[in-house]
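Numbering follows this note's numbering, in which position 105 of the sequence shown is assigned residue number 105; successive positions increment by one, without gaps.
Glycine residues also receive a C-beta, built at the ideal position from the N, C-alpha and C atoms.
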Amino acid sequence: MITSAAQAEAAVSQERFGPFTYEDYLLFPEDGRRHELIGGEHYVTPAPTTVHQRFLGNLYSVLRQYVLAHQWGEIFFAPVDIILSNRDVVQPDLLFLSSERLGRLGRENVKGAPDLVVEVVSESSRYQDKKLKKSLYASHDVHEYWLADPELQVLEVYRRDEANQLVKVAEYEDGGELTSPLFPDLRIDVATLWP
């Protein structure tokens, strides 16, 4: 019988061979980096920066307060595994599950798409976040996708259209008021989110 340490080592040593499945993903090491599968390909990104974490904390606080006050669903920080398929497992920086989608929430992961995914862009994740993940989220029924770049202080909002594509509906560069049909009556002063 192979031990779990040996299995993990085998999974990592075969990293370049893919495609990988969720079962392989479970064997990846817990090394402080983010491991994700997109189309069976293994992607690894380093731990987030303090600027990244400050922005995310500010946004989380605003959304969490609204969601709790309205009993609207649940908000989560990474790392939480989102299993979109056997070959698509991601850990978005922040996610929102509406009350209607709370049945997708398990003890260890979320099986299926959240309503909202927020990714904080970094140099190491820019291509994945802007191209690969946007396409992945569109194909798996994510209603909104927010991309934040705290270094440039730009927040892009993508919303699902009638053709089931995530299209950019807003871009906030110098502040502005963010609204979303996912959070009726909530108005977020974007300038207050930046660290």
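Range covered by the alpha helix (DSSP H) that runs through residue i
i          : result
residue 56 : 50–70
residue 23 : 22–25
N- and C-terminal bounds of the beta strand (DSSP E) containing residue i
i           : result
residue 144 : 144–149
residue 113 : That residue, residue 113, is in no beta strand (DSSP E); it is neither H nor E in DSSP.
residue 170 : 166–172
residue 37  : 34–38
residue 85  : 81–85
Straight-line gap, residue i to residue j (C-alpha atoms, nearest Å)
i           : j           : result
residue 203 : residue 45  : As displayed, the chain neither begins before 1 nor continues past 195, which places residue 203 out of reach and without an answer.
residue 131 : residue 82  : 18 Å
residue 93  : residue 175 : 21 Å
residue 70  : residue 181 : 14 Å
residue 80  : residue 108 : 8 Å
residue 66  : residue 123 : 31 Å
residue 144 : residue 158 : 6 Å
Environment of residue i [buried if 16+ CB atoms lie within 10 Å]
i           : result
residue 128 : buried
residue 187 : exposed
residue 185 : exposed
residue 106 : exposed
Cβ shell of residue i (< 8 Å), same chain only, five flanking positions each side left out
i           : result
residue 18  : 40, 41 and 42
residue 142 : 113, 114, 115, 116, 117, 160 and 166
residue 162 : none
residue 55  : 120, 148, 150, 193, 194 and 195
residue 99  : 71, 72 and 73
Close-in-space but distant-in-sequence residues of the same chain around residue i (CB under 7 Å, 5 per side omitted)
i           : result
residue 3   : For residue 3, the predicted model reports a pLDDT of 38, less than 50, meaning its position is unreliable; a value from the coordinates is still stated below. Counting only Cβ-Cβ distances below 7 Å, and skipping sequence neighbours, we find nothing.
residue 104 : 97, 110, 111 and 112
residue 47  : 32 and 33
residue 164 : 138
Nearest neighbour of residue i, chosen from the options [CA to CA]
i           : options               : result
residue 25  : 90, 141, 69 and 47    : 90
residue 190 : 182, 172, 180 and 183 : 172
residue 192 : 158, 60 and 80        : 60
residue 21  : 71, 179, 32 and 84    : 84
residue 49  : 28, 68 and 125        : 125
residue 76  : 86, 88, 57 and 87     : 57
residue 38  : 154, 86, 23 and 63    : 86
residue 152 : 51, 62 and 74         : 51
residue 36  : 177, 156 and 136      : 136
residue 23  : 78, 88 and 64         : 88
Contacts around residue i, its chain only, beta-carbon distance under 6 Å, and the 5 residues preceding and following it disregarded
i           : result
residue 140 : 84 and 113
residue 183 : 66
residue 154 : 173
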